[in-house]
Ligand code: FES
C-alpha cells in the first residue's frame with residue numbers, strides 16, 4: 003500500500019484564505035474541490051524525482067543530439083564494434099565495414115545525420131513509451147509535478163489532440179524498434195568475431211549487456227504485453243500466449259527500471275565505442 007505524503011501541520015492544517023474574486027481554474031481550483039491556497043501541503047522533497055528525471059533525460063537528449071551529427075568514432079573496425087546509435091548504417095557515407103546490411107542509400111550531405119532513418123524510430127519508441135510519458139509529463143510539463151502538487155496549467159485535453167495524439171502510435175514504434183533490436187543483436191554477435199577470428203573484449207561484453215537490457219526494455223513494454231495476451235476471451239484456449247503473457251507481465255512490472263537502465267546503457271555503450279575508436283583508450287582484450 004502506498005504511504006500518504008507528509009503534510010504540513012500536526013493535525014488538520016489551517017488553510018489560508020482564498021481570494022474568491024480570483025478567476026476559477028480547472029484542476030485543483032475546480033468548483034467543488036477543497037479551496038487550498040498553497041500549491042501543495044507536502045513537506046517532503048517531492049521535487050527531487052522530477053529534478054532527477056529532467057537531469058538524466060536532458061543529458062541523454064543533449065548527448066544523442068550531438069552524437070548523431072558526428073560522422074566519426076561510431077565504428078571500431080579492428081574489433082567489429084558498431085554503436086547501437088548508428089546501426090544499421092545504410093549509406094555510402096558509412097565507414098568501410100560498418101554497413102552490415104549493405105548501403106542502399108547514396109552519400110549523404112554533411113547536414114543529414116548518418117542514422118537519420120533509425121534515430122526517429124528509437125526516439126519515437128522512447129518518447130511514446132507509457133512510462134516515459136508519465137516521467138516527462140510530470141518533470142518537463144509539471145502536469146502535475148508530483149502527487150498532491152497542483153499543476154500550473156489551466157486546461158487539460160489529455161492525449162486527444164495533435165500532437166499528443168501521436169502517442170497512440172506507440173505499438174507501431176514497438177514493432178519498428180524490435181526490428182532494429184534484432185540488428186543490434188546481430189551486431190553484438192559480430193563483436194565476438196573480428197577479422198582475426200574469435201575474440202572477446204570489454205567492448206563485446208558491453209554490447210551484449212546493452213542488447214540484453216534493450217530486450218528487457220522492449221519485452222516489458224505495455225504494447226508487447228497487450229500484443230501477447232490482449233484481446234483474448236479465454237486464456238485456457240491459448241496456453242502458449244497465456245504463458246508468454248505471464249512472463250511478459252512479470253517483466254512489465256519492472257518496465258520503469260528497464261527504461262532507465264537501458265537508457266544509460268545505450269549512452270555508456272556509445273561512449274565506450276567512441277573512446278576506443280578515437281584512440282582515447284584501448285579495448286580491454288580478454289580473449290584474442
Ligand atoms: S510502454 Fe515503454 S516501451 Fe512500450
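Residue numbers (our numbering): 3 to 290. Glycine included, every Cβ here is placed at the ideal spot set by N, Cα and C.
Roughly how many angstroms separate the alpha carbons of residue 107 and residue 76, rounded to a whole number? 18 Å
Going by Cα to Cα distance, which pick from 270, 49, 286 and 283 is closest to residue 153? 49
Would you say the region 217 to 226 touches the region 162 to 181, given that touching needs at least three Cβ pairs under 8 Å? Because the criterion of three Cβ pairs below 8 Å is met, the region 217 to 226 and the region 162 to 181 touch.
Please report the distance separating the alpha-carbon of residue 280 from that of residue 232. Using only the alpha carbons, I get a separation of about 47 Å.
Is residue 56 near residue 141, with beta carbons less than 8 Å apart? Contact: yes.
Between the alpha carbons of residue 42 and residue 138, how many angstroms are there, rounded? Their Cα atoms are separated by approximately 20 Å.
Anyone know if the C-beta pair for residue 94 and residue 85 falls short of 8 Å? no
Rounded distance between the beta-carbons of residue 229 and residue 89, thought under 8 Å: Not quite, the Cβ-Cβ distance comes to about 24 Å (not below 8 Å), so this is no contact.
Reduced DSSP secondary structure (H/G/I, E/B, other) of residue 93: Under the three-state reduction of DSSP, residue 93 is assigned to strand.
Using only the alpha-carbon positions, how far apart do residue 220 and residue 120 sit? 16 Å
Assuming contact is defined by CB atoms lying nearer than 8 Å, are residue 91 and residue 100 in contact in what I supplied? yes
Where does residue 103 land, buried or exposed, given buried means 16+ other C-beta within 10 angstroms? exposed
Apart from the five residues just before and just after residue 69, which ones in its own chain have a Cβ nearer than 7 Å to its Cβ? If we look at residue 69 and ignore the five residues flanking it on each side, its Cβ neighbours are 87 and 272.
In whole angstroms, what is the alpha-carbon distance linking residue 62 and residue 36? 40 Å
Neighbourhood of residue 97 by C-beta, 6 Å cutoff - its chain only, sequence neighbours within 5 removed: Apart from the 5 residues on each side of it in sequence, residue 97 sits with its Cβ closer than 6 Å to the Cβ of 77 in its chain, given in chain order.
Would residue 183 pass as a contact of residue 207 if the rule is Cβ separation under 8 Å? Not in contact: residue 183 and residue 207 (Cβ atoms no closer than 8 Å).
Taking the straight line between their C-alpha atoms, what separation do you get for residue 67 and residue 123? 14 Å
Rounded to whole angstroms, how far is the Cβ of residue 200 from the Cβ of residue 290, which I believe are closer than 8 Å? 6 Å
Pick from 60, 285 and 112 that is closest to residue 203, judged by C-alpha positions: 285
How is the beta strand (DSSP E) around residue 288 delimited, first residue to last? 287 to 289
So, is residue 126 buried or exposed, given that buried needs 16 or more other C-beta atoms within 10 angstroms? buried
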